[in-house]
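Asks:
Protein chains: 2
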Amino acid sequence: MSHGPDIARIGALIGDPARAAMLTALMSGKALTASELARVAGIGAPTVSAHLVKLTEGGLIAVEKQGRHRYVRLAGAEVAEALEALLGLAQSRGHLPFRPGPDDQAMRRARVCYDHLAGEMGIALYRALQAGGALALTPDGLALTDRGQGLLDGLGLDMPALMRARRPACRTCLDWSERTHHLAGGAGAALLTRFQELGWLRPRQTSRALRVTLEGERELPRLFERLGQAGQGPPGP
Amino acid sequence: MSHGPDIARIGALIGDPARAAMLTALMSGKALTASELARVAGIGAPTVSAHLVKLTEGGLIAVEKQGRHRYVRLAGAEVAEALEALLGLAQSRGHLPFRPGPDDQAMRRARVCYDHLAGEMGIALYRALQAGGALALTPDGLALTDRGQGLLDGLGLDMPALMRARRPACRTCLDWSERTHHLAGGAGAALLTRFQELGWLRPRQTSRALRVTLEGERELPRLFERLGQAGQGPPGP
DNA sequence: GCAATGTTTCGCCCGGGAACGAAGTATGGA
DNA sequence: TCCATACTTCGTTCCCGGGCGAAACATTGC
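Sequence lines, in order, name chains R and U. Residue numbers for the first sequence, in our numbering: 13 to 249. Residue numbers for the second sequence, in our numbering: 13 to 249.
1. Given 8 Å as the limit, is there contact between the segment 170-190 of chain R and the segment 78-97 of chain R, that is, 3 or more CB pairs closer than that?
2. Is residue 42 of chain U helix, strand or coil by DSSP?
3. Could you spell out the range, first to last residue, of the alpha helix (DSSP H) harbouring residue 184 of chain R?
4. Would you mind reading off the limits of the beta strand (DSSP E) that contains residue 147 of chain R?
5. Do the segment 112-126 of chain U and the segment 162-171 of chain U touch if we need at least three Cβ pairs shorter than 8 Å?
6. Of all the CB atoms in chain R, is at least one closer than 8 Å to the CB of residue 119 of chain U?
7. Have a look at residue 235 of chain R and residue 118 of chain U and give me their C-alpha separation to the nearest angstrom.
8. Touch check for the segment 131-147 of chain U and the segment 173-181 of chain U: three-plus C-beta pairs under 8 Å?
9. Between the segment 97-108 of chain R and chain U, which residues of the former have CB atoms less than 8 Å from a CB of the latter, in chain order?
10. Check each residue of the segment 28-43 of chain U: if its Cβ is closer than 7 Å to any Cβ of chain R, include it; give the result in chain order.
11. What are the start and end residues of the alpha helix (DSSP H) that includes residue 98 of chain U?
12. DSSP has residue 153 of chain R in a bridge; who is on the other side?
13. Taking the straight line between their C-alpha atoms, what separation do you get for residue 215 of chain R and residue 31 of chain R?
14. Closer than 8 Å, CB to CB, is residue 151 of chain U near chain R or not?
15. Beta strand (DSSP E) containing residue 21 of chain R: first to last residue?
16. Applying the 10 Å Cβ sphere with the 16-neighbour rule, what's the burial state of residue 217 of chain R?
17. Using a Cβ-Cβ cutoff of less than 6 Å, which residues in the same chain neighbour residue 130 of chain R once the five nearest sequence positions on both sides are dropped?
18. Is residue 138 of chain R helix, strand or coil when you go by DSSP?
19. So, under 8 Å CB-CB, residue 101 of chain U and residue 92 of chain U are touching, yes? Tell me the CB distance rounded to an integer number of Å.
Right under this line is the structure:
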């Protein structure tokens, strides 16, 4: 009767609390082992094993065997995007077990969204790039302008690799805490990596939230301002 | 343990085949009655009633009582967007019960995505607007340029109402069949309405797919070309 | 007021699937 | 070689939740 892809299958996969917890944990972008996931989801090893089979068959995760560990990560940026969309919906529908604790605040400030930066910092980055004329709409979607390429190059990103990659450099991703878009894609990923290399952001053990170091606290706003001002020539219409 | 909105609740709602069928049917943007949904989902009236309670409590649908009928529609554009994202994921993961039948082809060509145009036609519209310089990135997201406003006004859209509305005029939405973005938001909705008024597109009884009338077949490509050429002055950076 | 239609409530059945314990298999280190 | 760790497989239990039929409730039209 109803045509189109089978949404129920995926919904059911996400619909189990244990699996949802695992997937949410994997939004950190890190590859976690089966036992780590067991801890996160609050279930035993056998149960996790069963869940991993289902998630793999469903194409939501990829599993890599390495020695006696089994590393699990999301199957791709697409999956992360869809999950983020669901997170946004869940948030807006009040389905949030949210007592705004300290970790929650940290999440809103800066967090990993699969492989790029999200939260207030992610939004600030995206806006700065936009204000600086680094991004442009093309018929094929979002793209880096020449100026944008220059800016990122100046930050020390490996631009040739970025432009060569099959993955689109720029995509937008819906930020569930800020209810706007932030930058995803190859450039988004490279920027997060770079910020961590520079010691401005530091991952946490326990959650997707990122710690903004003292240096980051000083340098990131400065950077955003610089990026934003770069576009003080021809602003878009 | 894992923080963030409760994704499992919504996943579970979407995860039931009957509910998924109902939600997919509601992506047509039409308000359907409970019994129509029963037919779509292939279940009985009592079961539908129970599902409607859950979906309402979950904030995914809105129900409006009218006489002895109960009209059901999606709770908002947000829900439609998230569903479309899931449709895209399901499609890419091969979870598609797809024998490319005639209806499927029609869906890919033109269909309703909640309240705006999707499929090949939707993509073509979006690209034409972009090529014509009708759209611009702003720090607040996608927006209509002055030229864009002029173009849409020329098409007979009620621009004052559009700009006055609280709803953002332009948003992007992921097209699951074309794997790119198309235009959503107030302008997207208004354009679809206008195309139907002009008799270029006609809704079908049975599915989200739209019929492109003979006039539409002639006029839509012409329109897209005109829109795209409008930007032959100052193209973006 | 009465019959027809649309929807909900109740009670029941039934299946699927999530969870665990125990035992089995692989890997790494002493 | 032998044990410890990480994970899987198997078998079992158990409960949640979808489904229907029957009956109640609501609304419209005659």
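For each residue, glycine too, the CB sits at the ideal point set by N, CA and C. Quick caveat: nothing in here was measured; it's all calculated off a predicted structure.
Replies: According to the structure data:
1. Touching, yes.
2. The three-state secondary structure of residue 42 of chain U, taken from DSSP, is coil.
3. No alpha helix (DSSP H) contains residue 184 of chain R, which is instead part of the beta strand (DSSP E) from 183-187.
4. Looking at the DSSP string, the run of the beta strand (DSSP E) that includes residue 147 of chain R is 147-150.
5. Result no; under three Cβ-Cβ pairs closer than 8 Å.
6. Chain R contact via Cβ: present.
7. Those two C-alpha atoms are separated by around 49 Å.
8. With a cut-off of 8 Å, the segment 173-181 of chain U and the segment 131-147 of chain U do not count as touching, because too few Cβ pairs lie within range.
9. Going along the segment 97-108 of chain R in chain order, one finds 97, 98, 99, 100, 101, 102, 103, 104, 105, 106, 107 and 108 with a Cβ nearer than 8 Å to chain U.
10. So the list reads 28, 29, 32, 33, 36 and 37, given in the order they occur along the chain.
11. Bounds of the alpha helix (DSSP H) holding residue 98 of chain U are 89-104.
12. Within the DSSP secondary-structure output, residue 153 of chain R pairs in a beta bridge with R:150.
13. Looking at the two C-alpha atoms, the distance is approximately 23 Å.
14. Judged by the 8 Å Cβ criterion, residue 151 of chain U is in contact with chain R.
15. Where residue 21 of chain R is concerned, there is no enclosing beta strand (DSSP E), although the alpha helix (DSSP H) it sits in stretches over 19-27.
16. Residue environment for residue 217 of chain R: exposed (fewer than 16 other C-beta atoms within 10 angstroms of its C-beta).
17. So the list reads 123, 187 and 194, once near-sequence residues are dropped.
18. In the three-state reduction of the DSSP assignment, residue 138 of chain R falls in the helix class.
19. At roughly 15 Å, the Cβ-Cβ gap does not stay under 8 Å, so residue 101 of chain U and residue 92 of chain U are not in contact.
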